[in-house]
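Chemist:
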Amino acid sequence: MSSAAHKASKTVTRSAIRKKRAMQRRIAVCLLAAMMGSGAVAYCLLPHGETAYAGERFDTSTALTSSQLTSGSASRDSQRDSLDGSSWDSGENIDADNLTLLHADNPVVRALINGRDLNATPAGFNPDHDSGDDGSGYPYGQCTWWAYKRRHELGLPVGSRMGDAKDWTDAAQRLGYWTDSTPRRGDIAVFRPDQRGASPVYGHVAIVENVNPDGSVTISESNVKGLGVVTTRTMDADTAHGLEYIHY
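Residues -42 to -1, 1 to 206 in mature numbering (1 follows the signal peptide of the UniProt record, and there is no 0) are what the sequence shown lists, from first letter to last.
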């Protein structure tokens, strides 16, 4: 090989090596950016001062069920339903409170408005309002996806296209849902943007799994530790009462 050809060969080889290394650097930068981006999304949903490892994995074996949700209402409903039959007591033993069973097409809602939430629903509330549910319209793994999925597991109504998490309370109110700042088991908890570390753009939603005796609230939520990863955490009473809740 001539001297000129040898030099040209070395130049081509070095150029190829430089291009390869540049490509590797670009790939590494892209991967790092993707990792940082996903981490930022997860972190923005966390309370300030907590790490990305806060919360425990959601345990389906001990999770709240629709039966547990309505267990305190069963006896009242059964007693009232029996009054729809032919028997009638014309004496003074009639309990006026048992004469009317409040109606709702959804059986879980019906049990709740006649039991746990009796006399708590707002005036004029229609439990048979439009739920807005026509099938999940939420991306897999997001907090909205989990809230929709979990409400179905509990037999409670939830809308399919209620927008970003921050918009859920307003969307629910337009549909006729009962909302306020008092947490109840099975509720959708709504975090406004930047509230309790929620995304400054999208907000956050979670499900109330339990309201504890001290007023603290245990919630389940997705996309805090990663897309589709469902975890639980407990918020103190002051934090819990600063959120908005969609009941049904």
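For each residue, glycine too, the CB sits at the ideal point set by N, CA and C.
Given the structure is predicted, the values throughout are model-derived calculations rather than measurements.
Helix, strand or coil for THR190? Go by DSSP, reduced to three states.
Modeler: Counting from one through the sequence shown, the residue named residue 190 turns up at place 232. Strand at THR190.
Chemist: Are ALA147 and VAL166 closer than 7 angstroms when you measure CB to CB?
Modeler: Indexing the sequence shown from 1 puts residue 147 at position 189. Indexing the sequence shown from 1 puts residue 166 at position 208. Yes, they are a contact pair.
Chemist: Shortest alpha-carbon distance to TRP104 belongs to which of ILE177, HIS61, HIS199?
Modeler: Here the question's residue 104 lines up with position 146 in the sequence shown. Here the closest residue by C-alpha is ILE177.
Chemist: I'd like the ranges of any beta strand (DSSP E) spanning at least 3 consecutive residues and lying wholly in the segment 103 to 149.
Modeler: For the segment 103 to 149, whole beta strand (DSSP E) runs of length 3 or above, ordered along the chain, are 146 to 149.
Chemist: Could you spell out where the alpha helix (DSSP H) holding THR197 opens and where it closes?
Modeler: In the sequence shown, residue 197 corresponds to position 239, counting from 1. From DSSP, the alpha helix (DSSP H) with THR197 extends over 195 to 198.
Chemist: Exposed or buried, what is LEU114 when buried is set at 16 or more other beta-carbons lying within 10 Å of its beta-carbon?
Modeler: On the sequence shown, residue 114 is found 156 positions in, with the first residue counted as 1. Buried: at least 16 other Cβ atoms inside 10 Å.
Chemist: Look at the Cβ atom of residue 266, then the Cβ atom of CYS101, and state whether they are nearer than 7 angstroms.
Modeler: Residue 266 lies beyond the stretch modelled for the chain, which goes from -42 to 206, so this question has no answer here.
Chemist: Rounded to the nearest angstrom, what separates THR79 and GLY134 at their Cα positions?
Modeler: The residue labelled residue 79 in the question sits at position 121 within the sequence shown. The residue labelled residue 134 in the question sits at position 176 within the sequence shown. So the alpha carbons of these two residues sit roughly 12 angstroms apart.
Chemist: Do GLY99 and GLY117 have their C-beta atoms within less than 7 angstroms of each other?
Modeler: By 1-based counting over the sequence shown, the position of residue 99 is 141. By 1-based counting over the sequence shown, the position of residue 117 is 159. No, the pair does not count as a contact, with Cβ atoms beyond the cut-off.
Chemist: Would LYS124 and GLY82 qualify as a contact pair, given that the criterion is a beta-carbon distance under 7 angstroms?
Modeler: As a working mapping, residue 124 is identified with position 166 in the sequence shown. As a working mapping, residue 82 is identified with position 124 in the sequence shown. No, they are not a contact pair.
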